[in-house]
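Engineer: Could you have a look at this structure, given as structure tokens, before my questions?
Protein chains in written order, with my numbering: chain A, 1 to 438; chain B, 1001 to 1301.
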């Protein structure tokens, strides 16, 4: 036990007190801040052309109050026909002239409005002009059809489902809890994915290095192979956790700084790519208080420990496989990649299933994958926030824990033989034989 | 009393027998040579003794205790293929290895200071391993194998890559440790080193023990009745036929006489003939010759 602790300590300190680790850990949040500020800045730039547009409106259908004044495009309303407004383009008073006519048929839907200009109009500009005109025509129609504006506004409806349990009075589920669950689940799933993949690779590289520098034989004359392997896995895992903690502390800080710098929250778009962003938009409309309330209602005393258990077992499962691969290949990077491919595929598949599970946490796919050890570490945590049946959580955890133990033993066997085996090509067949060495 | 005993130890990798029923006994306090051609099973044997791998069958006793599946802490081991973590400083590294051997921090530091002084490493023990020359890292590795004062020290090709000065330094340390009671198991295929250092030896080939015993005894038992005479005088053109002169180089003559002729008979003849004898000795075969002869014989068997 004492030796295991020494190994863990070495694996941890040689990494954490390295300049590159400190730099990377601090630079990533800074990089994200810089990146978001730049992206935010680019996105916030108004890309509409700065032009003046005259509206030739001889029949005075345009309602001046419906034209937005803060727009980049300035409108000048005139009752003159186009012919007499031409000179204004020449003198540079405005760059374009729109010719509007009230529709003869109030039921007409499609209009073709002529715009006279020598400028090239980009997509944003023409869309802005079209929107402006559309508002005018809609307003004209409402007025001339003698519709009541208030009545029209009441036509829009929003529906939310209010679920009431019939027999099973376990927990109230609202729209908010779905959204909160999605966000939480998404974060848990992605965290798992990044961690397992990143730290797993680190374990593999470290084992390869140990084998190639031939230090391993010296170490193995002092400790058992399983101790060395476990010490490495735990040490590297602790490094990852340290980094994660630093980031968890830094990220909100980064968010606050960017928000202050740009005056708006630019962090939301950076989460896109996952269907979490949809949920966030939805969450926005639900109000912060509701979300906070929902978060408060979550059974954190259950979720957090269970999540951590999944995290630990999932990491051990994949990291021991990575260690086994590292011990089998030695210095051949391409061979390592080849052997790693099935594992990477499993992890990526797990992530995709997890993302599907966010949308449908009670689906067959989600439930069955929770009982497959390679998917469970990603899928089950995403479902946790949706309050799945307890037996499913516990069964999933039990299956994962048992397979974690089993695969760690398997990996240790491969590791023990592989780490001292030089100059043999590590095919799956070859590795299979190692399992039966004494 | 023996410190290490192997009884019919075997290890098979797939269908290849790396070690085949090896038995040997290493007496306490001697320097014991483990010889054999490449691939004979030396490293596998050592790995089983150190507990890195386990024998398929047979028993290993260390100081009277069966150690088949444990890692004995009373062994120091310097493997042939050796390395260190590149990014660690020599000091940190040796401290780590000493701690893995079960030394307390304080004890480890004490020992480390002693060895750094002794092996003249003061100017570079703070350096990182990757900055060291081959000889330097070899010294560091030597320290790693002896820092915990093992009863049995296993050295696999300890002098490869060392310059003559450092070779002598390590040789002296080995003798010193032996005098202090450490048993040294010394694996090599440099035969002149065996003659120079080892008291006992075992020769293994194809995983089998083909020759074991006291080095001098082995040499004696392999003598081929060869004699060498050095004389400042003019040597006679011919010696008696039964002397079987086989080589003449200047003032040096070698004989391989009939079996019934002993060294005394030769000497008597020289004196009677008035040949000045500057040097005369029976030639023992070198371990190198015995090695080659034995290995070839066992390969044919």
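Ideal placement from N, C-alpha and C gives every residue a C-beta, glycine not left out.
1. So if I threshold CB-CB distances at 9 Å, which residues from the stretch 212 to 223 of chain A count as touching chain B?
2. Between which two residues does the beta strand (DSSP E) carrying residue 1012 of chain B extend?
3. Does at least one heavy atom of the ligand FMN sit under 7 Å from the Cβ of residue 1206 of chain B?
4. Would the beta-carbon of residue 396 of chain A fall within 8 Å of that of residue 376 of chain A?
5. Can you tell which of A:393, A:301, A:67 has its C-alpha closest to the C-alpha of residue 133 of chain A?
6. Interface residues of chain B around residue 10 of chain A at Cβ under 7 Å?
7. In chain order, what residues of the same chain lie with their CB nearer than 6 Å to the CB of residue 361 of chain A, ignoring the 5 residues before and after it?
8. Where does residue 268 of chain A fall in DSSP's three states?
9. For residue 1030 of chain B, which residues from the same chain have a beta carbon less than 7 Å from its beta carbon, with the 5 sequence-adjacent residues on both sides left out?
10. Going by DSSP, what residue range makes up the beta strand (DSSP E) through residue 1275 of chain B?
11. Below 8 Å between beta carbons: does that hold for residue 212 of chain A and residue 330 of chain A?
12. State the DSSP-derived secondary structure class of residue 1210 of chain B, mapped to helix, strand or coil.
13. Could you name the residues of the same chain whose beta carbon sits closer than 6 Å to that of residue 1057 of chain B, not counting the 5 residues immediately before and after it, in chain order?
14. Using beta-carbon positions only, say whether residue 114 of chain A and residue 99 of chain A come within less than 8 Å of one another.
15. Please report whether the beta-carbon of residue 19 of chain A lies at a distance below 8 Å from any beta-carbon of chain B.
16. Give the single residue among A:405, A:407, A:370 whose Cα lies nearest to the Cα of residue 391 of chain A.
17. At a CB distance below 7 Å, what residues from the stretch 1078 to 1092 of chain B approach chain A? Give them in sequence order.
18. Counting only beta-carbon atoms, is residue 1188 of chain B nearer than 8 Å to chain A?
19. Can you find a CB in chain B that lies within less than 8 Å of the CB of residue 24 of chain A?
20. Name the residue from B:1287, B:1288, B:1263, B:1272 whose alpha carbon lies nearest to the alpha carbon of residue 1281 of chain B.
21. Flag this pair as yes or no: are the beta carbons of residue 73 of chain A and residue 89 of chain A separated by less than 8 Å?
22. Verify the CB distance criterion: does residue 232 of chain A have a CB-CB separation below 8 Å to chain B?
23. With DSSP run on the structure shown, which of helix, strand or coil describes residue 54 of chain A?
24. In angstroms, rounded to a whole number, what distance separates the CA positions of residue 1059 of chain B and residue 1205 of chain B?
25. Should the stretch 1153 to 1165 of chain B be called in touch with the stretch 1137 to 1145 of chain B, which here means at least 3 C-beta pairs below 8 Å?
26. Going residue by residue through the stretch 1196 to 1265 of chain B, where are the continuous beta strand (DSSP E) segments of at least 3 residues, counting only ones entirely within it?
27. Quick check on residue 1126 of chain B: buried or exposed, where buried means 16 or more other Cβ atoms within 10 Å of its Cβ?
28. Which of the three DSSP states is assigned to residue 307 of chain A in this structure?
29. Give the interface partners of residue 1144 of chain B over in chain C, defined as CB-CB distance under 9 Å, in chain order.
30. Can you list, in chain order, the stretches of the alpha helix (DSSP H) that have 4 or more residues and sit fully within the stretch 170 to 222 of chain A?
31. Cα separation between residue 148 of chain A and residue 65 of chain A?
32. Please list the partners that residue 433 of chain A has in chain B, where partner means a Cβ-to-Cβ separation under 7 Å.
33. May I have the straight-line CA-CA distance separating residue 346 of chain A from residue 1040 of chain B, to the nearest angstrom?
34. Determine, using beta carbons only, whether residue 1285 of chain B and residue 1189 of chain B come nearer to each other than 8 Å.
35. Under 7 Å between beta-carbons, which chain B residues line up against residue 3 of chain A? List them in chain order, please.
Structural biologist: Taking the definition as stated:
1. Against chain B - using a Cβ distance shorter than 9 Å - the residues of the stretch 212 to 223 of chain A are 212, 213, 214, 215, 216, 217, 218, 219, 220, 221, 222, 223.
2. That run of the beta strand (DSSP E) goes 1002 to 1013.
3. Among the ligands in the structure shown, none appear at all, so the ligand FMN cannot be discussed.
4. Yes, these two residues count as a Cβ contact at 8 Å.
5. Across the set A:393, A:301, A:67, the C-alpha of A:67 shows the shortest separation from the C-alpha of residue 133 of chain A.
6. Within chain B, the residues near residue 10 of chain A are 1096.
7. If you ignore the 5 residues before and after residue 361 of chain A, its C-beta comes within less than 6 Å of the C-beta of 383, 386, all in its own chain and listed in chain order.
8. Any reading at residue 268 of chain A needs caution, since the residue's pLDDT is 45, under 50, leaving its predicted position unreliable; the model's value is listed next. Note: residue 268 of chain A maps to coil in three-state DSSP.
9. Residues 1183, 1199, 1200 of the same chain have their beta carbon placed closer than 7 Å to that of residue 1030 of chain B, with the five preceding and five following residues left out of the count.
10. DSSP places residue 1275 of chain B in no beta strand (DSSP E); its state is neither H nor E.
11. Yes, the Cβ-Cβ distance between residue 212 of chain A and residue 330 of chain A is below 8 Å.
12. In the three-state reduction of the DSSP assignment, residue 1210 of chain B falls in the strand class.
13. Cβ within range, chain order: 1010.
14. Yes, Cβ-Cβ distance for residue 114 of chain A and residue 99 of chain A is below 8 Å.
15. False, the Cβ-Cβ gap to chain B never drops below 8 Å.
16. Closest in alpha carbon position to residue 391 of chain A, among A:405, A:407, A:370, is A:370.
17. Residues passing the 7 Å Cβ filter: 1079, 1081, 1082, 1083, 1084, 1085, 1086, 1087, 1088.
18. Not one chain A Cβ lies under 8 Å of residue 1188 of chain B.
19. Not one chain B Cβ lies under 8 Å of residue 24 of chain A.
20. Restricting attention to B:1287, B:1288, B:1263, B:1272, the CA atom closest to the CA of residue 1281 of chain B is found in B:1263.
21. No. Outside cutoff.
22. Using a CB distance cut-off of 8 Å, residue 232 of chain A does not count as an interface residue toward chain B.
23. Residue 54 of chain A carries a strand assignment under DSSP once its states are collapsed to helix, strand and coil.
24. For residue 1059 of chain B and residue 1205 of chain B, the distance between alpha carbons rounds to 20 Å.
25. Short answer: they touch.
26. You should have 1200 to 1205, 1208 to 1214, 1226 to 1230, 1245 to 1249, 1252 to 1255.
27. Per the 10 Å Cβ criterion, exposed.
28. Residue 307 of chain A falls in the helix class under three-state DSSP.
29. The chain labelled as chain C is not found among the protein chains of the depicted structure, namely A and B.
30. If only uninterrupted alpha helix (DSSP H) runs of at least 4 residues are considered, those enclosed by the stretch 170 to 222 of chain A are 175 to 212, 216 to 220.
31. Distance between the alpha carbons of residue 148 of chain A and residue 65 of chain A: 18 Å.
32. Ordered by position in chain B, the residues that pass the 7 Å Cβ test against residue 433 of chain A are 1014.
33. The alpha-carbon separation between residue 346 of chain A and residue 1040 of chain B amounts to approximately 43 Å.
34. No; because the gap between Cβ atoms is not below 8 Å, this pair is not in contact.
35. The contact set of residue 3 of chain A on chain B, defined by CB atoms closer than 7 Å, consists of 1100 in chain order.
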